[in-house]
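Chains as they are written, first to last, in this note's numbering: chain Y, 1 to 70; chain A, 71 to 312.
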Amino acid sequence: MMPDLGKYATEVLSAYGVTLLLILALVLLTLRQSARTRRALRQVEAAHQAKANGLTAKTKPRNKETPQDG
Amino acid sequence: MSLWEYANPRKFMALSGAVLPFAAAGTAIALVVGLAWGFFFTPEDYRQGSTVKIIYIHVPSAMVAINCWLMMLVASLVWLIRRHHVSALAAKAAAPIGATMTVIALATGAIWGQPMWGTWWAWDPRLTSFLVLFLFYLGYMALWAAVDNPDTAAELTSVLCIVGSVFAVLSRYALVFWNQGLHQGASLSLDKEENVADVFYWPLLIAIAGFVGLFVTLLLVRTRTEVRARRLQALMARERMG
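Given below as structure tokens:
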């Protein structure tokens, strides 16, 4: 299966090796960075949503009660 | 429907999310077919021997390295003229891909050059302008990292990108401008007479498609990450302000 690369085998294999290594590193770093950012954003959005819901819960009863009180 | 609609982060995220799986699958197929065909099933060149197989990684990576900078130039101009954040973030996201492709082109070129020219490196116009392009990539990424305000960083890096475009064009056309040096002319041309032999041409074309696909796929993933990071910063800033 492996082609006969003759006297230039080292050059050809090292060129392909360097290329695959660099591409693999770039892909892995890209995916890791993407996953980290997505996770962090999800956490902050959840906290933000919870805070917003808490505020709504606090303000809603007062709004409902106001007409009755009046 | 206007193209500018996709400058809206929400629309960009929806479209890019739908396109990504197809881009990734097409890239994987083209890369495997192009590189396997070129490496395993093409003959040796009568003068260069088996080193001709380096063409399937050297030429595509060099093409992507140069055209990535030109894509960054267009995105930077869009930012400067129309102030669309997604375009500035796309330029930022593209830089590490372009830098990696430049390193691949420089490394494989040196490895190929040693047995063919008898030297790893020569201060040839094309090689030199390519090295300067790599330094511009490093400078561009360093500038993004050094400036805290993202809008200011986008403006400064856009100007740097415009300046660096000279070297992107030079690295592509250095041979035409100076007509000297060790590096050969273009491997692919619209003129069929100037192309490499057919037996090398088709796998090379597919490998180029694979590298372009890899660039597009990584660019989409990285730009989506940048859009998310920007939203994250905005939410955290809002929290800090109370």
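Think of the CB as a built atom: it goes at the ideal place given N, C-alpha and C, for glycine as much as any other residue. All values reported here derive from a predicted model rather than from experimental measurement.
Considering only the alpha carbon of each residue, which of the options lies closest to residue i?
i	options	result
A/Arg-242	A/Asn-137, A/Phe-110, A/Ser-86 and A/Gly-96	A/Asn-137
A/Leu-208	A/Pro-195, A/Ala-135, A/Tyr-126 and A/Asn-78	A/Ala-135
A/His-154	A/Trp-74, A/Asp-194 and A/Thr-112	A/Trp-74
A/Met-133	A/Trp-182, A/Ala-277 and A/Ser-228	A/Ala-277
A/Tyr-210	A/Leu-226, A/Pro-113 and A/Ala-299	A/Leu-226
A/Thr-121	A/Asp-221, A/Leu-288, A/Lys-81 and A/Phe-270	A/Phe-270
A/Leu-181	Y/Pro-3, Y/Met-2, Y/Val-12 and Y/Thr-56	Residue identity differs from the one stated: residue 181 of chain A is Ile in this sequence, not Leu. Nearest option by C-alpha distance: Y/Val-12.
A/Met-171	A/Leu-288, A/Met-311, A/Arg-117 and A/Pro-91	A/Leu-288
A/Ala-238	A/Leu-197, A/Ala-224, A/Ala-212 and A/Trp-187	A/Leu-197
A/Ile-96	A/Leu-284, A/Leu-213 and A/Ile-124	Reading off the sequence shown, one finds Gly at residue 96 of chain A, where the question assumed Ile. For A/Gly-96, the nearest C-alpha among the options comes from A/Leu-284.
A/Pro-273	A/Arg-308, A/Trp-107 and A/Asp-221	A/Trp-107
Y/Thr-74	A/Pro-185, A/Pro-113 and A/Val-282	Lying before the first or after the last residue shown, residue 74 of chain Y is absent from chain Y, which here runs from 1 to 70.
Y/Asp-4	A/Phe-111, A/Arg-152, A/Ser-72 and A/Lys-81	A/Phe-111
A/Met-115	A/Arg-308, A/Asp-268 and A/Ala-304	Before going on, a small fix: residue 115 of chain A reads as Asp here, not Met. Of the candidates A/Arg-308, A/Asp-268 and A/Ala-304, the one whose C-alpha sits nearest the C-alpha of A/Asp-115 is A/Asp-268.
A/Val-282	A/Ser-131, A/Ser-72 and A/Pro-79	A/Ser-131
A/Ala-161	A/Val-129, A/Leu-275 and A/Val-286	A/Val-286
A/Asn-219	A/Trp-187, A/Val-236, A/Val-148 and A/Ala-304	A/Ala-304
Does the separation of the CB atoms of residue i and residue j fall below 8 Å?
i	j	result
Y/Tyr-16	A/Phe-109	yes
A/Met-141	A/Val-297	no
A/Gly-104	A/Gly-280	yes
A/Leu-230	A/Phe-200	no
A/Ile-174	Y/Leu-22	yes
A/Arg-300	A/Ala-163	no
A/Ser-146	A/Ala-77	no
Y/Ser-34	A/Arg-310	no
A/Leu-150	A/Ser-228	yes
Y/Ala-40	A/Leu-302	yes
A/Pro-166	Y/Leu-26	yes
A/Ile-124	A/Thr-189	no
A/Gly-234	A/Phe-206	yes
A/Gly-87	Y/Gly-6	no
Y/Val-44	A/Met-306	yes
A/Leu-240	A/Ala-93	no
A/Trp-139	A/Leu-203	yes
A/Leu-213	A/Ala-223	yes
A/Ile-232	A/Leu-101	no
For residue i, would you say it is in contact with chain Y, using Cβ-to-Cβ distances shorter than 8 Å as the test?
i	result
A/Val-291	yes
A/Lys-162	no
A/Leu-203	no
A/Pro-220	no
A/Ile-127	yes
A/Met-121	The identity of residue 121 of chain A in the sequence shown is Thr, whereas the question assumes Met. Yes, A/Thr-121 counts as interfacial toward chain Y.
A/Trp-182	yes
A/Arg-298	yes
A/Ile-276	no
A/Met-306	yes
A/Pro-185	yes
A/Phe-109	yes
A/Gly-280	no
A/Thr-172	no
A/Leu-197	no
A/Ala-132	no
A/Leu-288	yes
A/Leu-208	no
A/Ala-215	no
A/Arg-80	no
A/Thr-178	yes
A/Arg-310	no
A/Pro-273	no
With a cut-off of 8 Å, does the C-beta of residue i fall near any C-beta of chain A?
i	result
Y/Leu-24	no
Y/Ala-40	yes
Y/Leu-28	no
Y/Gly-6	yes
Y/Ala-138	Here chain Y comprises residues numbered 1 to 70, so residue 138 of chain Y is not present and cannot be evaluated.
Y/Thr-37	yes
Y/Pro-67	Its pLDDT being 43, under 50, Y/Pro-67 is placed unreliably in this model, and the value from its coordinates should be taken loosely. Not closer than 8 Å to any Cβ of chain A, the Cβ of Y/Pro-67 fails to qualify, so no.
Y/Ala-57	no
Y/Ala-15	yes
Y/Pro-3	yes
Could you tell me which chain B residues have their CB closer than 8 Å to the CB of residue i, listed as they occur along the chain?
i	result
Y/Gln-33	In the structure shown, chain B cannot be found, because the protein chains are Y and A.
Where in the region 78 to 149 of chain A do unbroken runs of the beta strand (DSSP E), each at least 3 residues long, occur, reported from the N-terminal end onward?
none
Of all the alpha helix (DSSP H) runs that stay within the bounds of the region 156 to 220 of chain A, which reach a length of 4 or more residues?
195 to 216
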